[in-house]
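Asker:
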Amino acid sequence: MSEMNEKLVFDRPQAVIDRPTHYCPGCHHGVAHRLVAELLEELDVVEKTLLVTSIGCSVFLYNYLNVDAVEAPHGRAPAVATGVKAARNDKFVFAYQGDGDLASIGMAEILHAANRGERIAVVFVNNTVYGMTGGQMAPTTLIGQKTTTCPEGRCLEREGAPIRMTEIIAGLGGTAFAGRASLDSVKNIRTAKKYIRKAFQCQLEDRGFGFVELLSACPTNWKMTPLKANERIADAMIPYFPLGVFKDVTEEGGEC
Amino acid sequence: MSRIVIQEDRCKGCLLCTTVCPTQIIVQSDRFNQSGYKVAEVPGPDMEKCLGCTSCALICPDLAIKVYKTPKKNKGAA
Numbered sequence: 014m015s016e017m018n019e020k021l022v023f024d025r026p027q028a029v030i031d032r033p034t035h036y037c038p039g040c041h042h043g044v045a046h047r048l049v050a051e052l053l054e055e056l057d058v059v060e061k062t063l064l065v066t067s068i069g070c071s072v073f074l075y076n077y078l079n080v081d082a083v084e085a086p087h088g089r090a091p092a093v094a095t096g097v098k099a100a101r102n103d104k105f106v107f108a109y110q111g112d113g114d115l116a117s118i119g120m121a122e123i124l125h126a127a128n129r130g131e132r133i134a135v136v137f138v139n140n141t142v143y144g145m146t147g148g149q150m151a152p153t154t155l156i157g158q159k160t161t162t163c164p165e166g167r168c169l170e171r172e173g174a175p176i177r178m179t180e181i182i183a184g185l186g187g188t189a190f191a192g193r194a195s196l197d198s199v200k201n202i203r204t205a206k207k208y209i210r211k212a213f214q215c216q217l218e219d220r221g222f223g224f225v226e227l228l229s230a231c232p233t234n235w236k237m238t239p240l241k242a243n244e245r246i247a248d249a250m251i252p253y254f255p256l257g258v259f260k261d262v263t264e265e266g267g268e269c
Numbered sequence: 370m371s372r373i374v375i376q377e378d379r380c381k382g383c384l385l386c387t388t389v390c391p392t393q394i395i396v397q398s399d400r401f402n403q404s405g406y407k408v409a410e411v412p413g414p415d416m417e418k419c420l421g422c423t424s425c426a427l428i429c430p431d432l433a434i435k436v437y438k439t440p441k442k443n444k445g446a447a
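Protein chains in written order, with our numbering: chain H, 14 to 269; chain Y, 370 to 447.
Pasting the structure below:
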């Protein structure tokens, strides 16, 4: 029988702990976790990784990734990661943050960590809403998007425009890699993995700050089915948050 | 013949896997798992159409899918 020589071509990475997650159906956090875990294994840094987790739905990340972790106060993951890296320069340090965490209360920390060129990496999951606290408006909420704190839809005049974080981070001197990818399709997920790899390598090669934004869905707070929410990423988010690499010193051949 | 194995107690029934399958063999079943989600499944005979492309497993947020692939034989023996 042909089953005799079949190969297991896809299984959960060892760095992801084998337990159910608390995420809603269709939430892309699980995909982001897997990409990060696979890369930690491929770069062979699982044993020397120190993860800094944020506040938000990703708060329990230390329950899902089989690495040592520090829990940071709301928005302060880049500041904590700076300290962790300063204390243990031999470790691989990365932070994992959502948009409510990174782009609002943690705006100062992320900008200065990037500008100083801290040798850390940040994975930024952008779902345009505060997920854990019940769907309030985030700095990244799209114009017209209804949330519990802007029930009529976000208004450009009143609340301002959604913040494009990757473009801001790319404009800072210490950034070695800044890219935006999406988790809504197989092709985009593969690209996302490439970007996270580059961001991680910037730290391993001592080039500077690595930053990856991942567009993801929040079906519960968008009040959509998982399939509709997944479609919304391509329909509404990617036109406003263009995908691509915004800064990459490894391509320029320059030193940071 | 390639095949996938869906871990039903992990499946949350989001059905993202059904959108990426190039042969469209993954469908929602009539079964509920312990968490109350209607799980995804591949109806028995359809499994032969599986290409082992791993698309479903790549997009599964809950890592509920394992993919087994059988390399094609040169002589075309099925």
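Backbone N, C-alpha and C define an ideal beta-carbon position, used for all residues, glycine too.
(1) CA-CA distance, H:T263 and H:V93?
(2) Keeping to the same chain, check which residues put their C-beta closer than 7 Å to that of H:G157; ignore five residues upstream and five downstream.
(3) Per the contact definition of three or more C-beta pairs closer than 8 Å, is the segment 74 to 94 of chain H in contact with the segment 238 to 246 of chain H?
(4) Which partner residues does H:T231 have in the DSSP bridge list?
(5) May I have the straight-line CA-CA distance separating H:V72 from Y:C422, to the nearest angstrom?
(6) What number of angstroms, rounded off, separates the C-alpha of H:A121 from the C-alpha of H:R89?
(7) Mind checking who H:V106 pairs with in its DSSP beta bridge?
(8) If you run the structure through DSSP and keep just helix, strand and coil, what is Y:Y437?
(9) Could you tell me the alpha carbon to alpha carbon distance between H:R193 and H:L256, rounded to whole angstroms?
(10) For Y:I375, which beta-bridge partners are listed by DSSP?
(11) If you pair each beta-carbon of the segment 225 to 237 of chain H with each one of the segment 386 to 400 of chain Y, do three or more pairs fall below 8 Å?
(12) What residues in the segment 177 to 209 of chain H bring their beta carbon closer than 9 Å to a beta carbon of chain Y?
(13) Check the Cβ of Y:A426 against every Cβ in chain A and list those closer than 7 Å, keeping chain order.
(14) Residues bridged to H:E226 by DSSP?
(15) Going by DSSP, what residue range makes up the alpha helix (DSSP H) through H:G43?
(16) Tell me the rounded alpha-carbon separation between Y:G382 and H:R220.
(17) Going along the segment 431 to 442 of chain Y in order, which residues come within less than 8 Å of chain H, judged by CB to CB distance?
(18) For H:Y36, would you say it is in contact with chain Y, using Cβ-to-Cβ distances shorter than 8 Å as the test?
(19) Give, in chain order, every unbroken run of the alpha helix (DSSP H) that is at least 4 residues long and sits entirely within the segment 141 to 214 of chain H.
(20) Less than 8 Å separating the beta-carbons of H:V44 and H:I202?
Answerer: Based on what the coordinates show:
(1) Your numbering for residue 263 of chain H matches position 250 in the first sequence. Your numbering for residue 93 of chain H matches position 80 in the first sequence. Their Cα atoms are separated by approximately 26 Å.
(2) Mapped onto the first sequence, residue 157 of chain H falls at position 144. Cβ within range, chain order: G166 and R167.
(3) no
(4) Here residue 231 of chain H refers to the residue found at position 218 of the first sequence. The question names Thr, but residue 231 of chain H is Cys in the sequence shown. Looking at the DSSP assignment, H:C231 forms no beta bridge with any residue, so it has no partner.
(5) To locate residue 72 of chain H, count along the first sequence from 1; it is residue 59. To locate residue 422 of chain Y, count along the second sequence from 1; it is residue 53. So the two alpha carbons sit approximately 32 Å from each other.
(6) As a first step, residue 121 of chain H must be located in the first sequence, where it is residue number 108. As a first step, residue 89 of chain H must be located in the first sequence, where it is residue number 76. Each residue's Cα considered, the two are about 9 Å apart.
(7) As a working note, residue 106 of chain H is residue 93 in the first sequence. DSSP lists H:L63 as partners of H:V106.
(8) On the second sequence, residue 437 of chain Y is found 68 positions in, with the first residue counted as 1. If DSSP states are grouped into helix, strand and coil, Y:Y437 belongs with the strands.
(9) Position 180 of the first sequence, counted from the start, is the residue given in the question as residue 193 of chain H. Position 243 of the first sequence, counted from the start, is the residue given in the question as residue 256 of chain H. So the two alpha carbons sit approximately 5 Å from each other.
(10) One-based indexing of the second sequence puts residue 375 of chain Y at position 6. According to DSSP, which records beta bridges pairwise, Y:I375 is partnered with Y:I434.
(11) no
(12) L196, D197, S198, V199, I202 and R203
(13) Annotation note: the requested chain A is absent from the structure, which comprises protein chains H and Y.
(14) Taking the first sequence and counting its residues from 1, one reaches residue 226 of chain H at position 213. H:F137 and H:R193.
(15) Numbered from 1 along the first sequence, position 30 holds the residue referred to as residue 43 of chain H. From DSSP, the alpha helix (DSSP H) with H:G43 extends over H42 to E55.
(16) Indexing the second sequence from 1 puts residue 382 of chain Y at position 13. Indexing the first sequence from 1 puts residue 220 of chain H at position 207. Distance between the alpha carbons of Y:G382 and H:R220 is about 42 Å.
(17) D431, L432, I434, K435, V436, Y437, K438, T439, P440 and K442
(18) Locating residue 36 of chain H in the first sequence gives position 23, where the first residue counts as 1. True, the Cβ-Cβ gap to chain Y drops below 8 Å.
(19) 169 to 172 and 178 to 183
(20) Here residue 44 of chain H corresponds to residue number 31 of the first sequence, with the count starting at 1. Here residue 202 of chain H corresponds to residue number 189 of the first sequence, with the count starting at 1. In contact: H:V44 and H:I202 (Cβ atoms closer than 8 Å).
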